Every structure is written in structure tokens, then in C-alpha cells.
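Chains A and B are the protein sequences, given in the same order.
Per the numbering used here, residue 2 is the first one in the first sequence, and the count goes up by one each step.
Per the numbering used here, residue 4 is the first one in the second sequence, and the count goes up by one each step.
Below is one structure, written out as C-alpha cells; comments come after it.
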Amino acid sequence: MNIFRLAGDMMHLFSIIVLLLKINATRSCRGVSLKTQELYAIVFVCRYLDLFTSFISLYNTTMKLIFLLSTFTIIYWMRFHKVIRVTYDREQDTFRYQFLILPCFLLALVLNNEFSAMEVLWTFSIYLEAVAILPQLVLLQRTNNIDNLTGNYVFLLGSYRALYILNWIYRFMTEPNYRQYLVWISGIVQTIVYIDFFYYYIRSWRNNEKLSLPA
Amino acid sequence: AEEKEAKDEL
């Protein structure tokens, strides 16, 4: 565990805390994409299948449980909570995510480290996470007046994988036989997807103005 | 061990 990996995990944890706070404190999920939350639920389920079979560390298991529970809580709130569900932008959050799920699954069938169910699903989760934020970014472009907490959520979520890239570079240099080409490429693609958002987020922060993404 | 090591990230 190096500082980049820990910082990345903390950014990821903070992004989820910010989102939970935003929805719970404002009793509203306006501007939040349910599609992205559901894609992340698929990512975590497919990635953490070994949650009960292989124990790595208390930290590892705890974080996996937090990610799973928080994502399902958000989905539950957005779908069933009597006050929160009415604030969901159903008409705006229309990204057809089957066009993300299917290609990622097919790619995982073809491009993986081992052709076994667990490994293909794990690889699928790596590819799917790279594009899981797209429905949320599309929704932000359609939502005028993005509230700060939602903007912060996306920024923290994007910065977590960017920090993971530094972690991979560090491990590549210090651990002789550490190779994760598929994860590295997917993580770089994931971070590139955020670059556009990062630019507008940092500019709005510098100019101290409301964040807005061009349509 | 290699396998476990490979999946130590979240």
C-alpha cells in the first residue's frame, strides 16, 4: 500500500460520502444520475465477487463493503424513498447504458488474463468502470445550475482513479513483477473521460463562478 | 500468492 493508493481510496470514499450527504441533507437527488449509480453497483458486484472467498486485509474487506452498501443505499433512495425519488431527473437521465454494458462484457470475454467466470466478470468490472461516469457527465451537461456537492462528487470520483495511475507507476517502479496492463489502460481511459470535466471544474473554482458544462 | 497479490486493489 503506497500513499497514492491510499489517497486514491480516500478520494473514492469521500466522493461517496459527499454524495450520501448531498442526497440526505438536501433530501434531493437532482442532478444525480441513477444510471451511473447502477453501473457502479454492477462494477462493485462483479469486482468484489471474491469478497467472502479471499481475505486480503481488514481494510480491503471494509472498503469493499462500504462501496457496495453505499451504492445500493443511493440506488434505493433514488428509486424508493418517498421524498427523494420525486427529485430524480427521470426525463433527463436517459443514457442508454446497455450500450456501455454489452461492449464492455464482450471485450472482457475476448480480452482478459484468464478465461474463467470470476476473471471475466472482474475484467468486465474494470472496463465498465472506465465508462460508468458517462451518464452522470451527460446529465450534468443537461442540468443547468449544478449544485456544488454534485460537482464535488464527480471531481473526487475522477481524482481517485487519477491517483491510482500514480499508484500503478509507483508499483511498476518498485515491484519487479507487478503488471496489470488491462487495468492500467482502462484506468487511463477512465481518467481521460474526466479531463473535460476537470477543466471546467477547475476553471469555475478559479473564477469563483457556478460550474456549468457546455452542452 | 501471485493471484491474491494481483487483486489487492479496490
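The beta carbon of each residue, even a glycine, is placed where N, CA and C say it ideally should be.
Being a predicted model, the structure only gives us computed values, none of them experimental.
CB contact below 9 Å: Asn113 of chain A versus chain C: No chain C is part of this structure, whose protein chains are labelled A and B.
Chain B residues whose Cβ lies nearer than 7 Å to that of Asp90 of chain A: Position 89 of the first sequence, counting from 1, holds the residue named residue 90 of chain A. For Asp90 of chain A, there are no C-beta contacts with chain B under 7 Å, since the nearest C-beta of that chain is about 29 Å from it.
Euclidean distance between Cα positions of Leu14 of chain A and Leu141 of chain A: The sequence position of residue 14 of chain A within the first sequence is 13, counting from 1. The sequence position of residue 141 of chain A within the first sequence is 140, counting from 1. Looking at the two C-alpha atoms, the distance is approximately 21 Å.
Classification of Val111 of chain A by the beta-carbon crowding that lies within 10 angstroms, buried from 16 upward: Numbered from its first residue, the first sequence carries residue 111 of chain A at position 110. Burial call: exposed.
Status (buried if at least 16 other CB within 10 Å, exposed otherwise) for Asn168 of chain A: Numbered from its first residue, the first sequence carries residue 168 of chain A at position 167. Residue environment for Asn168 of chain A: buried (at least 16 other C-beta atoms within 10 angstroms of its C-beta).
Residue environment, Val87 of chain A, which counts as buried when at least 16 other CB atoms sit within 10 Å: For the purposes of this step, residue 87 of chain A is identified with residue 86 of the first sequence, where counting begins at 1. Exposed, by the Cβ-count rule.
Limits of the unbroken alpha helix (DSSP H) element including Met79 of chain A: On the first sequence, residue 79 of chain A is found 78 positions in, with the first residue counted as 1. Where Met79 of chain A is concerned, the enclosing alpha helix (DSSP H) stretches over 59–81.
Simplified DSSP assignment, three categories, for Asp10 of chain A: Position 9 of the first sequence, counting from 1, holds the residue named residue 10 of chain A. Reduced to three states, the DSSP call for Asp10 of chain A is helix.
Alpha helix (DSSP H) segment containing Gly159 of chain A, residue limits: Position 158 of the first sequence holds residue 159 of chain A. Residues 149–175.
Minimum Cβ-Cβ distance from Val46 of chain A to chain B less than 9 Å: As a first step, residue 46 of chain A must be located in the first sequence, where it is residue number 45. Nearest CB-CB separation between Val46 of chain A and chain B: not below the 9 Å threshold.
Backbone CA spacing between Asn209 of chain A and Phe198 of chain A [nearest angstrom]: Stepping through the first sequence from its first residue, residue 209 of chain A is reached at position 208. Stepping through the first sequence from its first residue, residue 198 of chain A is reached at position 197. Looking at the two C-alpha atoms, the distance is approximately 16 Å.
Cβ pair Val46 of chain A, Leu69 of chain A closer than 9 Å: Here residue 46 of chain A refers to the residue found at position 45 when the first sequence is read from its first residue. Here residue 69 of chain A refers to the residue found at position 68 when the first sequence is read from its first residue. A contact, by the Cβ cut-off of 9 Å.
Interface flag, Trp185 of chain A vs chain B, CB-CB below 9 Å: Along the first sequence, one-based indexing puts residue 185 of chain A at 184. It does not: the Cβ of Trp185 of chain A has no partner Cβ on chain B nearer than 9 Å.
Of the listed residues A:Thr37, A:Ile203, A:Val184, nearest to Asn114 of chain A (C-alpha basis): For the purposes of this step, residue 114 of chain A is identified with residue 113 of the first sequence, where counting begins at 1. Nearest to Asn114 of chain A by alpha-carbon distance, out of A:Thr37, A:Ile203, A:Val184, is A:Val184.
Cross-chain neighbours of Lys23 of chain A in chain B, by beta carbon under 9 Å: Stepping through the first sequence from its first residue, residue 23 of chain A is reached at position 22. Chain B residues near Lys23 of chain A: none, gap ~22 Å exceeds 9 Å.
Top-ranked residue by Cα proximity to Phe84 of chain A, from A:Gln137, A:Leu52, A:Ile189, A:Ala26: Here residue 84 of chain A refers to the residue found at position 83 when the first sequence is read from its first residue. Before going further, note that residue 84 of chain A is Val rather than Phe in the sequence given. When each option's Cα is compared against that of Val84 of chain A, the closest is A:Ala26.
Inter-stretch contact (C-beta, 8 Å, three-pair minimum) for the segment 10–24 of chain A and the segment 63–80 of chain A: By the C-beta criterion, the segment 10–24 of chain A is judged to be in contact with the segment 63–80 of chain A, since at least 3 inter-stretch pairs fall below 8 Å.
Euclidean distance between Cα positions of Lys10 of chain B and Ser213 of chain A: Position 7 of the second sequence, counted from the first residue, corresponds to residue 10 of chain B. Position 212 of the first sequence, counted from the first residue, corresponds to residue 213 of chain A. Those two C-alpha atoms are separated by around 38 Å.
C-alpha distance - Thr151 of chain A paired with Arg162 of chain A, whole-angstrom precision: As a position in the first sequence, residue 151 of chain A is number 150, starting the count at 1. As a position in the first sequence, residue 162 of chain A is number 161, starting the count at 1. So the alpha carbons of these two residues sit roughly 18 Å apart.
Closest by C-alpha distance to Tyr200 of chain A, when choosing among A:Thr63, A:Leu107, A:Phe73, A:Gly159: Walking along the first sequence from the start, residue 200 of chain A turns up at place 199. When only C-alpha atoms are compared, the closest one is A:Gly159.
Thr37 of chain A - containing alpha helix (DSSP H), residue span: Residue mapping note: residue 37 of chain A aligns to position 36 of the first sequence, counting from 1. From DSSP, the alpha helix (DSSP H) with Thr37 of chain A extends over 35–48.
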